[in-house]
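J.: Before we start, here is the structure in question, set down as structure tokens.
2 protein chains.
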Amino acid sequence: MPQTATVIGGSFTDADDRTARRFAESAHTYSTGVMPTAQFHAWLAERALSRRHRVDLIALDDLDGWSADPETGNLGHRSGRFYTIEGLEVVTGHRHNPTWSQPIILQPEIGILGILVKEFNGVLHCLMQAKMEPGNINGIQLSPTVQATPSNYTRVHQGNAIPYLEHFITAGRGRVVADTLQSEQGAWFLQKRNRNMIVEVTEDVPVLDGFCWLTVGQLHELLAVENLVNMDTRSVMSIIPLATPIDRPSLLDEDSFRGALLRSLSTRPDPNDATGNLVSWFTDVKSRRTLRRRPIPLHQTKGWLRTSDRIHHEDERYFSVVGVRVEADDREVTSWSQPMIAPASRGVLALLTRQVNGVLHALVQAHTQAGTFDVVEMAPTVQCSPENYDEGRPLFLDYVLSAPASQIRFDVVHSEEGGRFFQAENRCLIVEVDDAFPTDVPDGYAWATISQLTDLTRHGHYFNVEARCLLTCLHTLW
Amino acid sequence: MPQTATVIGGSFTDADDRTARRFAESAHTYSTGVMPTAQFHAWLAERALSRRHRVDLIALDDLDGWSADPETGNLGHRSGRFYTIEGLEVVTGHRHNPTWSQPIILQPEIGILGILVKEFNGVLHCLMQAKMEPGNINGIQLSPTVQATPSNYTRVHQGNAIPYLEHFITAGRGRVVADTLQSEQGAWFLQKRNRNMIVEVTEDVPVLDGFCWLTVGQLHELLAVENLVNMDTRSVMSIIPLATPIDRPSLLDEDSFRGALLRSLSTRPDPNDATGNLVSWFTDVKSRRTLRRRPIPLHQTKGWLRTSDRIHHEDERYFSVVGVRVEADDREVTSWSQPMIAPASRGVLALLTRQVNGVLHALVQAHTQAGTFDVVEMAPTVQCSPENYDEGRPLFLDYVLSAPASQIRFDVVHSEEGGRFFQAENRCLIVEVDDAFPTDVPDGYAWATISQLTDLTRHGHYFNVEARCLLTCLHTLW
Chain P
91 MPQTATVIGG
101 SFTDADDRTA
111 RRFAESAHTY
121 STGVMPTAQF
131 HAWLAERALS
141 RRHRVDLIAL
151 DDLDGWSADP
161 ETGNLGHRSG
171 RFYTIEGLEV
181 VTGHRHNPTW
191 SQPIILQPEI
201 GILGILVKEF
211 NGVLHCLMQA
221 KMEPGNINGI
231 QLSPTVQATP
241 SNYTRVHQGN
251 AIPYLEHFIT
261 AGRGRVVADT
271 LQSEQGAWFL
281 QKRNRNMIVE
291 VTEDVPVLDG
301 FCWLTVGQLH
311 ELLAVENLVN
321 MDTRSVMSII
331 PLATPIDRPS
341 LLDEDSFRGA
351 LLRSLSTRPD
361 PNDATGNLVS
371 WFTDVKSRRT
381 LRRRPIPLHQ
391 TKGWLRTSDR
401 IHHEDERYFS
411 VVGVRVEADD
421 REVTSWSQPM
431 IAPASRGVLA
441 LLTRQVNGVL
451 HALVQAHTQA
461 GTFDVVEMAP
471 TVQCSPENYD
481 EGRPLFLDYV
491 LSAPASQIRF
501 DVVHSEEGGR
511 FFQAENRCLI
521 VEVDDAFPTD
531 VPDGYAWATI
541 SQLTDLTRHG
551 HYFNVEARCL
561 LTCLHTLW
Chain B
91 MPQTATVIGG
101 SFTDADDRTA
111 RRFAESAHTY
121 STGVMPTAQF
131 HAWLAERALS
141 RRHRVDLIAL
151 DDLDGWSADP
161 ETGNLGHRSG
171 RFYTIEGLEV
181 VTGHRHNPTW
191 SQPIILQPEI
201 GILGILVKEF
211 NGVLHCLMQA
221 KMEPGNINGI
231 QLSPTVQATP
241 SNYTRVHQGN
251 AIPYLEHFIT
261 AGRGRVVADT
271 LQSEQGAWFL
281 QKRNRNMIVE
291 VTEDVPVLDG
301 FCWLTVGQLH
311 ELLAVENLVN
321 MDTRSVMSII
331 PLATPIDRPS
341 LLDEDSFRGA
351 LLRSLSTRPD
361 PNDATGNLVS
371 WFTDVKSRRT
381 LRRRPIPLHQ
391 TKGWLRTSDR
401 IHHEDERYFS
411 VVGVRVEADD
421 REVTSWSQPM
431 IAPASRGVLA
441 LLTRQVNGVL
451 HALVQAHTQA
461 GTFDVVEMAP
471 TVQCSPENYD
481 EGRPLFLDYV
491 LSAPASQIRF
501 DVVHSEEGGR
511 FFQAENRCLI
521 VEVDDAFPTD
531 VPDGYAWATI
541 SQLTDLTRHG
551 HYFNVEARCL
561 LTCLHTLW
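Heads up: the sequence lines are chains P and B, in that order. Taking the numbering used here, the leading residue of the first sequence gets 91, the next gets one more, and so forth. Taking the numbering used here, the leading residue of the second sequence gets 91, the next gets one more, and so forth.
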């Protein structure tokens, strides 16, 4: 892997363009002998029945190993590791609500989210894991091959070794296909990011209990199922290199949403730097916006109340900090308790799209949240929890919620990372606007092609996790 | 400009590839009727003689409008604007010197460094300014068309309007060629970055007193002159899009350093994502390194002494904070005083290069300084002030300093931004290694092609300002 690649030069080049075409081929393959989708569902159901795990909400005061600092109220583990929940004061240039304070998770280390891929019968397959997380609504979801924090892999909690991790941290075990730092939920994490990786191997890989190989096409099918493909998987999938299927001209010529989508991808890799124009728009917004933050003691967060049970906002909006106790037999350790963030209501993530000269464009916004890594990141057109607003409802929210079925291309509920967030659901929508939709967009919004967006997923800190999730969902519409 | 570009799509594409070829043509043009280089030198000499400006070192206590906070010792202006000098405690994973504290400049706003370009006689010219900065060794240096902080252009100090600024902040006045946030000196600035912009206009532009049009080739010639082309110019020049001169096949076939350099540029725009491999190496290092910082009162910085005159390190190493008084007639205001950073000794910035199969590669390192925006940035092979070290001298420093003349391709002293740094010189070196140089490189170093490096200058926070400076110097060797 990278440490040993002393000359990072042209040697990989020919292979890489072919890689994007091979992933596109995998995205078009739904049926394979390795793990047919019907069999996958049976396998997953069987696992859900046979694995025992139990998650109970408990009082914060009853957490084992976690306690509030007497002086600050900050929540932390007695080992000093994992994460802490502290207070943050935020000052922005927002018109509505320019300044506030809130609890936020601090976890400064960079974890690895990695998908191992390998070719079977000429088609790339992804090694996926059926993984229990305490915040998952339905217990088990489909996660990347590896989800590991340095705390995990340096064995702070004395659990079992993380399977397959060696492919992502050991030199020379496979070929790195994609590898960038990507940010996590800015509403609840302070400047958290993880290393998103895709590594291809050719060697034999044993399939351990709880793992299976699926094509990208199968994953796309499964993204139509509620709360099944977890956030980490959706995040890593957003950095999969994909090329327009030039060997399928009929698809490209199609007068359809799908045709417009594939044509929108077709200038990647972009020889002409249209991406530079999107970067310039982003640079301009980032230069003009402000985000100033100051750590404060958790018990000084204004409007937030602490009981022995939980920490919540006086309006019962936004989110609470709750305690959970977990008993499981398929995790590194078999029982533990931890504080988690539980949102007060379901969110809406929506990407508006439109065809311009037969090429699909998506409307992104430059968005700031408390924990945003660097002032702004590109977010979906709409990203909010509607119940948090009495007035000043976010732009385009009502347009999205009242869109007729004929304009809705994708509408599935997915949930956020179940390791930190308790039953945090978002309704994920992709909506094609009608002809009456205004061409001009407000300050801080821009229309971009899928090629431009895909180009920038190769770098960190352009897109927030919600935008990456919708980009992944968009590719299911091929 | 970007705000109004509601559809940021394919419309710019054809033009952009051509732009890189047009800049390459400008880089090959040294003689033009607009401002012949000999005439330029006469013009600059005349300006240096006729403009009056006087810079005096004064005691910090004698600064007008600036004072130390009685509680913290932090230096600030009575208006609360411009910048402050505060204390910073730094914890890194460095083997030598893992933790220290130091004074550092805080200036959270994002300024604009912009070069306006326009075609004359079929060749692109850059509008350059002969500008006095108090820290300049020789008074006047060549700066971009615009150097402006928001303090400047919102008129905090009640000076004159900044000429040409409207091209960089007003919609629709020109075509944005490049536009990214790039970081400044991490040794002395806390997470400072500026917006680096290149804007092309076709309309008539009046040439004001102190400005002149020069080709990229002329700027390359001037980079061979000590302390003439200022840091801001060198930074903006590093994001100029450049294409291999495919219309000059004899250059590309040359068995020379220049031929290897041009071949190294020739895969840009890179259709094969070799850049992805460099990004992966960078992601890996960034994930493994740590940089934790805490603001502290300036008077609590350990080892730093404050007198009425200045703030300096007890070993008289690193740098001092000094006061200067300026009287000038060619700045927005005609006299002022300000604190500045004065390095204790001259620095060395060196890029090692080697030919691999006839293609030039440069050795970059992942480097952390007190103020680095995000853990690490790519830096030159060597970046240090040798006199700061008794032991633990930086890797490759002695190799560079003892390289025979036959291996040295570039060796010119340039200085850092004269608005904040007082006579801060660096010896800028580009050295081709001999065949005996080891192929393996230490952890945190990587060989990269010029194409890979150029590809990443289109994004912020990959390269520190010293790396960008050497990349600009490298292009003078075409």
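C-beta: ideal position from N, C-alpha, C; glycine also.
At a cut-off of 7 Å, would you count Cys216 (chain P) as near the ligand MN, judging by its Cβ distance to the nearest heavy atom?
T.: The ligand MN is not among the ligands present in this structure, which contains no ligands whatsoever.
J.: How big is the Cα-Cα spacing for Leu564 (chain P) and Val454 (chain P)?
T.: Residue numbering aside, residue 564 (chain P) sits at position 474 when the first sequence is read from its first letter. Residue numbering aside, residue 454 (chain P) sits at position 364 when the first sequence is read from its first letter. Each residue's Cα considered, the two are about 13 Å apart.
J.: Report buried or exposed for His551 (chain B), applying the criterion of at least 16 other Cβ atoms within 10 angstroms of its Cβ.
T.: In the second sequence, counting from the first residue as 1, residue 551 (chain B) sits at position 461. Under this definition His551 (chain B) is a buried residue.
J.: Can you find a CB in chain B that lies within less than 8 Å of the CB of Gly100 (chain P)?
T.: On the first sequence, position 10 is the one that residue 100 (chain P) refers to. Annotation note: pLDDT 32 at Gly100 (chain P) (below 50); position unreliable, coordinate value reported separately. Output row for Gly100 (chain P): interface = yes.
J.: Please name the residue in B:Ile195, B:Pro240, B:Glu256 whose C-alpha comes closest to that of Gly461 (chain B).
T.: Walking along the second sequence from the start, residue 461 (chain B) turns up at place 371. Nearest of B:Ile195, B:Pro240, B:Glu256 to Gly461 (chain B), Cα basis: B:Ile195.
J.: With a 10 Å radius around its C-beta and 16 neighbouring C-beta atoms as the bar for buried, classify Leu309 (chain B) as buried or exposed.
T.: Within the second sequence, residue 309 (chain B) is the residue found at index 219, counting from 1. That one is buried.
J.: Among residues of its own chain, excluding the 5 on either side of Asn228 (chain P), which ones have a beta-carbon nearer than 6 Å to its beta-carbon?
T.: Stepping through the first sequence from its first residue, residue 228 (chain P) is reached at position 138. So the qualifying residues of the chain are Asn317.
J.: Looking at the structure shown, is Leu450 (chain P) part of a helix, part of a strand, or coil, going by DSSP?
T.: Residue mapping note: residue 450 (chain P) aligns to position 360 of the first sequence, counting from 1. Leu450 (chain P) falls in the strand class under three-state DSSP.
J.: 8 Å is my cut-off, CB to CB: does Pro361 (chain B) come that close to chain P?
T.: Residue mapping note: residue 361 (chain B) aligns to position 271 of the second sequence, counting from 1. Because Pro361 (chain B) carries a pLDDT of 46, less than 50, the predicted location of this residue cannot be relied on, and the following value inherits that uncertainty. Yes - at least one Cβ of chain P is within 8 Å of the one on Pro361 (chain B).
J.: What are the complete alpha helix (DSSP H) segments, minimum 4 residues, inside the segment 195-276 of chain B?
T.: As far as the segment 195-276 of chain B is concerned, its whole alpha helix (DSSP H) runs of at least 4 residues are 240-243, 256-259.
J.: Can at least three beta-carbon pairs, one atom from the segment 114-128 of chain P and one from the segment 375-390 of chain P, be found at a separation below 8 Å?
T.: Cβ pair count under 8 Å is below three, so no.
J.: Would you mind working out which of P:His451, P:Thr119, P:His402 sits nearest Ser354 (chain P), comparing C-alpha positions?
T.: To locate residue 354 (chain P), count along the first sequence from 1; it is residue 264. Nearest option by C-alpha distance: P:His451.
J.: Does chain B have any CB closer than 8 Å to the CB of Ser377 (chain P)?
T.: For the purposes of this step, residue 377 (chain P) is taken as residue 287 along the first sequence, with counting starting at 1. By this cut-off, Ser377 (chain P) is an interface position.
J.: Would DSSP call Trp568 (chain P) helix, strand or coil?
T.: By one-based count along the first sequence, residue 568 (chain P) stands at place 478. Reduced to three states, the DSSP call for Trp568 (chain P) is coil.
J.: Quick one: list the residues of chain P neighbouring Ile200 (chain B), beta-carbon separation under 8 Å, in chain order.
T.: Start at 1 with the first residue of the second sequence, and residue 200 (chain B) comes out as number 110. Per Cβ cutoff of 8 Å: Lys376, Ser377.
J.: Excluding the five sequence neighbours on either side, which residues of its own chain have a C-beta within less than 6 Å of the C-beta of Pro224 (chain B), listed in chain order?
T.: One-based indexing of the second sequence puts residue 224 (chain B) at position 134. Cβ within range, chain order: Val145, Val414, Val416.
J.: Within the same chain, show all residues whose beta-carbon is closer than 6 Å to that of Pro359 (chain B), passing over the 5 residues directly before and after it, in chain order.
T.: Locating residue 359 (chain B) in the second sequence gives position 269, where the first residue counts as 1. Its pLDDT being 43, under 50, Pro359 (chain B) is placed unreliably by the model, and the measurement read from it follows with that caveat. Once the five neighbours on either side are set aside, Pro359 (chain B) has no close Cβ partner at all.
J.: What are the residues that DSSP puts in a beta bridge with Tyr535 (chain B)?
T.: If you number the second sequence from 1, residue 535 (chain B) lands on position 445. BP columns for Tyr535 (chain B) point to B:Gln455.
J.: In its own chain, which residues sit with a C-beta less than 8 Å from the C-beta of Arg499 (chain B), not counting the 5 before and 5 after it?
T.: To locate residue 499 (chain B), count along the second sequence from 1; it is residue 409. Answer for Arg499 (chain B): Phe347, Thr443, Ile520, Val521, Glu522, Leu567, listed in chain order.
J.: Per the DSSP calculation, Arg285 (chain P) is bridged to which residue(s)?
T.: Start at 1 with the first residue of the first sequence, and residue 285 (chain P) comes out as number 195. In the DSSP output, where bridge partners are listed per residue, Arg285 (chain P) has P:Ile202, P:Leu271.
J.: Among the residues of its own chain, which have a CB less than 7 Å from the CB of His457 (chain P), if the five just before and after it don't count?
T.: To locate residue 457 (chain P), count along the first sequence from 1; it is residue 367. Excluding sequence neighbours, His457 (chain P) sits near Val466, Glu467, Ala469, Gln473, Asn554.
J.: Using only the alpha-carbon positions, how far apart do Pro361 (chain P) and Gln542 (chain P) sit?
T.: Position 271 of the first sequence, counting from 1, holds the residue named residue 361 (chain P). Position 452 of the first sequence, counting from 1, holds the residue named residue 542 (chain P). Because the pLDDT of Pro361 (chain P) is 45, which lies under 50, any placement of that residue in the model is unreliable, and the question is left without a value.
J.: If you pair each beta-carbon of the segment 480-493 of chain P with each one of the segment 398-408 of chain P, do three or more pairs fall below 8 Å?
T.: Because the criterion of three Cβ pairs below 8 Å is not met, the segment 480-493 of chain P and the segment 398-408 of chain P do not touch.
J.: Sorted by chain position, which residues of the same chain lie with C-beta nearer than 7 Å to Phe113 (chain B)'s C-beta, five sequence neighbours on each side aside?
T.: As a working note, residue 113 (chain B) is residue 23 in the second sequence. Closer than 7 Å at Cβ, skipping near neighbours: Leu214, Val306, Ile330, Pro331, Leu332.
J.: Leaving out five residues on either side along the sequence, give the residues of the same chain with a beta carbon under 6 Å from the beta carbon of Thr547 (chain B).
T.: Here residue 547 (chain B) is taken as the residue at index 457 of the second sequence, counted from 1. Within the same chain, Thr547 (chain B) has close Cβ partners Ser328, Ile329.
J.: Over what stretch of residues does the beta strand (DSSP E) that includes Asn367 (chain B) continue unbroken?
T.: Position 277 of the second sequence, counting from 1, holds the residue named residue 367 (chain B). No beta strand (DSSP E) holds Asn367 (chain B); the alpha helix (DSSP H) holding it covers 364-378.
J.: Pro359 (chain B) by DSSP, collapsed to three states: which one?
T.: Within the second sequence, residue 359 (chain B) is the residue found at index 269, counting from 1. Because the pLDDT at Pro359 (chain B) is just 43, under 50, the model does not fix this residue reliably, and the value given afterwards should be weighed accordingly. Correct three-state label for Pro359 (chain B): coil.
J.: Check the DSSP bridge columns for Arg415 (chain B) and list the partner residues they point to.
T.: On the second sequence, position 325 is the one that residue 415 (chain B) refers to. According to DSSP, Arg415 (chain B) bridges with B:Asp146, B:Ser427.
J.: On the criterion of 16 or more Cβ atoms from any shown chain inside 10 Å, does Arg285 (chain B) qualify as buried, or is it exposed?
T.: Taking the second sequence and counting its residues from 1, the one referred to as residue 285 (chain B) is at position 195. Arg285 (chain B) should be labelled buried.
J.: Would you say Thr334 (chain P) faces chain B, with C-beta separation under 8 Å as the test?
T.: By 1-based counting over the first sequence, the position of residue 334 (chain P) is 244. Closer than 8 Å: no.
J.: Tell me whether the beta-carbon of Ala220 (chain P) lies closer than 8 Å to the beta-carbon of Val502 (chain P).
T.: If you number the first sequence from 1, residue 220 (chain P) lands on position 130. If you number the first sequence from 1, residue 502 (chain P) lands on position 412. No, these two residues do not count as a Cβ contact at 8 Å.
J.: Span of the alpha helix (DSSP H) holding Ser157 (chain B)?
T.: Numbered from 1 along the second sequence, position 67 holds the residue referred to as residue 157 (chain B). Note, Ser157 (chain B): premise wrong, no alpha helix (DSSP H); beta strand (DSSP E) at 156-158.
J.: Under 8 Å, Cβ to Cβ, is there at least one residue of chain B near Arg171 (chain P)?
T.: Here residue 171 (chain P) corresponds to residue number 81 of the first sequence, with the count starting at 1. Arg171 (chain P) does not count as touching chain B.
J.: With a threshold of 8 Å between beta-carbons, can Ser325 (chain B) be considered close to chain C, or not?
T.: Looking for chain C here will not work: the only protein chains present are P and B.
J.: Ile336 (chain P): buried (16+ other C-beta within 10 angstroms of its C-beta) or exposed?
T.: Taking the first sequence and counting its residues from 1, one reaches residue 336 (chain P) at position 246. Exposed is the call here.
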